[in-house]
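In what follows, a structure is listed as structure tokens, so that the remarks can point back to it.
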Amino acid sequence: MRQRQFLDVVDEAEARRRFEEACAHLAPAVETVALDAALGRVLAADVAAAVDVPGFDRSNMDGFAVRATDTAGAEELAPVVLTLLGPPLAAGDRPAPGFEVGPGRAVPIATGAVVPRGADAVVMVEDTHLAGKRVEVSRPVAPGGNLTFAGSDIGRGDVVVRRGTRLTSRETGVLAAVGVGEIEVVRRPRVAVLSTGDEIVPPGGPIAAGEVYDSNQRILLDAVAELGCDGVPAGIVPDDEQRVEEAITALIGGDHPADAVLLSGGTSKGDGDVNAVVVQRLASRLPASEVLVHGVALKPGKPILLAVLAGRPVVVLPGFPTSAVFTFHEFVAPLLRRLSGFGNGLAGEIAAITPMRIDSVPGRTHYVLVDLVEGQQGPAAYPLGAGSGSVTAFGRADGFIRIPAAIEYLEEGAAVVVRPINPDVRPADLAAIGSNCEGFDHLLGLVASRGFRVKAVWVGSMGGVAALRRGEGDVAGIHLMDPATGEYNRAFVPEGASLLPGYRRRQGIVFRSEHAGLGEDAAAFLAGAVPGGLRMVNRNVGSGTRVLIDRLLGDARPDGYLHQVRTHHGVAAAVEQRRADWGMTLDTIATRAGLEFRFVQDERYDLLVRDDRRERPAVRALFEILADAEVRAHLRRMGFVMDDDQEGSGPITDER
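What follows is the structure in structure tokens.
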């Protein structure tokens, strides 16, 4: 296949400079909207009050409007007696012309009513006693007592909300209080999002082998909405130069052109990558157009293309979801925040350490998505280890670290600065590290349903043991077999932690039905010679399943031994999709994938708990949940085996 090379790969700073300079002519637009449509909008101009708030001296209590000097010396045993005036003043009433509270007089008044001329205080009804046409006052009141003077909240001419403010219910309430019915706000930029690719299909319908659901358009539309823009879905166009050109031309022209256009994919070096070709061709024909950058020395996101067509920014993001989202936030989001009035949006940086070595790519700025886990030496930044094709990585990450182009790797324990993706990042109430399991995931979900913030970082059983040994996280799910004894987990409990019994999982060999002749004895199959022509899929080093596989294989290294996946689901998918012929996974997963299963042995999945975290409310909640009879019954229905000594609803005793 013919390959095109990037002609002008620039560093990140140069790419950002070119794009910012080319878009410097763009400025936020302004429109007028009704107050009832202003929530979430950005105010374009200061708003000053045209009236006082309150607009009159107002009673704060039900009671009697009086002259404060008339109540001086009042006591419960020696009350001051005042003559009643009428009628009572209710909220919304205006005192009659010429009405005045004179010396020795009082008038009944309700909360919110206009304080009449002559009165300078309100005596609470609780401090009075009616006696015919008189009122006895048993407690004095100071001038200004129990009332609010006109303009004491907001004075006429005061700026009540400043431009650049993103309007919440607090601000809209203030604007309503000063009588504003319409306001000037920053117009929400229209950002069109176009997906391209013969393999892209819309969510909600069937999908065939080789096709992928269009997640990028959904991600980008919602991302621009989060930045105060109106996302314009432009559909899916196949890899056809003419159709892509027609789509882009329609989006940047017409009566209602988009303020910016985003595409994803089609910007790399293959023959099917037509987006870059089309944008370059349009840039050569249209006025006020230029391809600014095609290729940036960073990972992920090298293929990004930044351009201006007819004065409007057009960006072709990489097709892989993580690359697309990363480059969007690094290059496009700052521009959209400026145009929407949302400001720089930068969250405070967090100092952390790396719990493991992180390799980088020399010559390219490397961004690594990380999870933050509270540790004894401060936050630990766990790399997610997901490639640019991962759909979920950006959604799961707490933030990312930046490794400069000149650095090849970060050592374990290196100090790093994490840039949060979500400004609300905070330590989890329960941090689970270790091996993933659907059963443990279910337990964590139940903890979260009690209102706790739960974070799960799946680094394998050995990774979980190492994390707790370093003082990171609260609990770790493990299923590690001691090769010397065949016993699970006890030999791997680090100092300062204890073992909480979990459940057993049925592990075995899986294969497609066409290989049903492999026999019923899976252990013998592994111990003997694996038939030639059958390719295995292995588990990652550090997982409990890998320990079992290596023990059963001995010195044998079947074809595919080096093909490693990180999860039980990955094994089933590889066999189901014919990238491998056999592997080891759980019976529940094999059943859902429609694969044959041959039992090898049960494995224990237990929880390591840091002793210094046992009394944390979220950890105690986990203990209670695991001890609950209904929860364990649900785990059985999921296919897990509970130990006989854990039947019933009694407390679970941990092993220290």
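Numbering (our numbering), first residue to last: 148 to 803. For each residue, glycine too, the CB sits at the ideal point set by N, CA and C.
CB-CB length for residue i against residue j, believed under 8 angstroms
| i | j | result |
| --- | --- | --- |
| GLY840 | VAL371 | Absent from the structure is residue 840, since the part of the chain shown begins at 148 and ends at 803. |
| LEU439 | ALA454 | 6 angstroms |
| VAL712 | ASN687 | 7 angstroms |
| GLU178 | ARG334 | 4 angstroms |
| THR343 | VAL306 | THR343 to VAL306, Cβ: 48 angstroms. No contact. |
| ALA719 | VAL657 | 6 angstroms |
| ASP576 | ARG600 | 5 angstroms |
| ASP345 | ASP386 | 5 angstroms |
| ASP204 | LEU294 | 6 angstroms |
| ARG566 | GLU496 | 6 angstroms |
Delimiting residues of the alpha helix (DSSP H) encompassing residue i
| i | result |
| --- | --- |
| PRO481 | 480-487 |
| THR735 | 734-740 |
| PRO468 | 468-474 |
| VAL718 | 715-723 |
| VAL391 | 388-399 |
| ILE772 | 764-774 |
| SER362 | 362-373 |
Terminal residues of the beta strand (DSSP E) in which residue i lies
| i | result |
| --- | --- |
| GLU743 | 743-757 |
| GLN654 | 644-658 |
| MET789 | Neither: MET789 is in no beta strand (DSSP E) and is coded neither H nor E. |
| THR692 | No beta strand (DSSP E) contains THR692, which is instead part of the alpha helix (DSSP H) from 691-700. |
| VAL332 | 329-333 |
| ASP377 | 377-384 |
| THR179 | 177-181 |
Nearest residue (CA-CA) to residue i, options the options
| i | options | result |
| --- | --- | --- |
| LEU742 | GLY730, LEU229, ARG751 | GLY730 |
| GLY542 | THR319, HIS716, PHE473, ALA498 | PHE473 |
| GLU161 | LEU445, LEU341, ARG653, ARG281 | LEU445 |
| ALA480 | ASP369, ASP204, ARG188 | ASP369 |
| HIS135 | HIS715, ASP706, ASP753 | Since the displayed the chain opens at 148 and closes at 803, residue 135 lies outside it and no answer follows. |
| VAL515 | ILE568, HIS589, GLY689, VAL248 | ILE568 |
| VAL564 | PRO526, ILE736, GLY202 | PRO526 |
| ALA669 | ARG745, LEU646, GLY210 | ARG745 |
| ALA225 | VAL282, ALA268, THR295, ALA260 | VAL282 |
| ALA297 | ASP506, LEU277, VAL261 | VAL261 |
| ARG704 | SER690, MET683, HIS715 | MET683 |
| VAL180 | THR258, VAL189, PHE770 | VAL189 |
| GLU273 | ASP267, VAL284, LYS280, LEU646 | VAL284 |
| VAL756 | PRO350, THR396, PHE639 | PHE639 |
| ARG365 | ALA355, ILE347, GLU358 | ILE347 |
Spatial distance of residue i from residue j (CA atoms)
| i | j | result |
| --- | --- | --- |
| ALA644 | GLY655 | 30 angstroms |
| PHE246 | PRO263 | 7 angstroms |
| MET785 | PRO648 | 18 angstroms |
| VAL747 | ARG653 | 8 angstroms |
| ALA614 | ILE580 | 7 angstroms |
| GLY536 | GLU329 | Confidence at GLY536 is low in this model, with a pLDDT of 48, below 50, so its placement is unreliable and the value that follows should be read with caution. One C-alpha to the other measures close to 46 angstroms. |
| GLU642 | LEU695 | 24 angstroms |
| ARG459 | SER436 | 8 angstroms |
| MET789 | ASP749 | 11 angstroms |
| ARG165 | PHE478 | 11 angstroms |
| GLY680 | ASP728 | 9 angstroms |
| ALA184 | LEU482 | 24 angstroms |
| GLY560 | THR501 | 5 angstroms |
| ASP209 | ASP193 | 37 angstroms |
| VAL327 | ASP199 | 13 angstroms |
| TYR650 | LEU773 | 10 angstroms |
| ALA142 | VAL227 | The chain is shown only over 148 to 803; residue 142 falls outside these bounds and no answer can be derived. |
| ARG303 | VAL321 | 13 angstroms |
| ALA257 | THR319 | 27 angstroms |
| VAL340 | CYS376 | 12 angstroms |
| ALA197 | ALA324 | 10 angstroms |
Sheet register partners of residue i (DSSP bridge)
| i | result |
| --- | --- |
| ILE256 | GLY210, LEU236 |
| ASP518 | TYR529 |
| ILE301 | VAL200 |
| ASN685 | GLN711 |
| GLU223 | Bridge partners of GLU223: none, in fact. |
| PRO567 | GLY546 |
| ILE505 | LEU557 |
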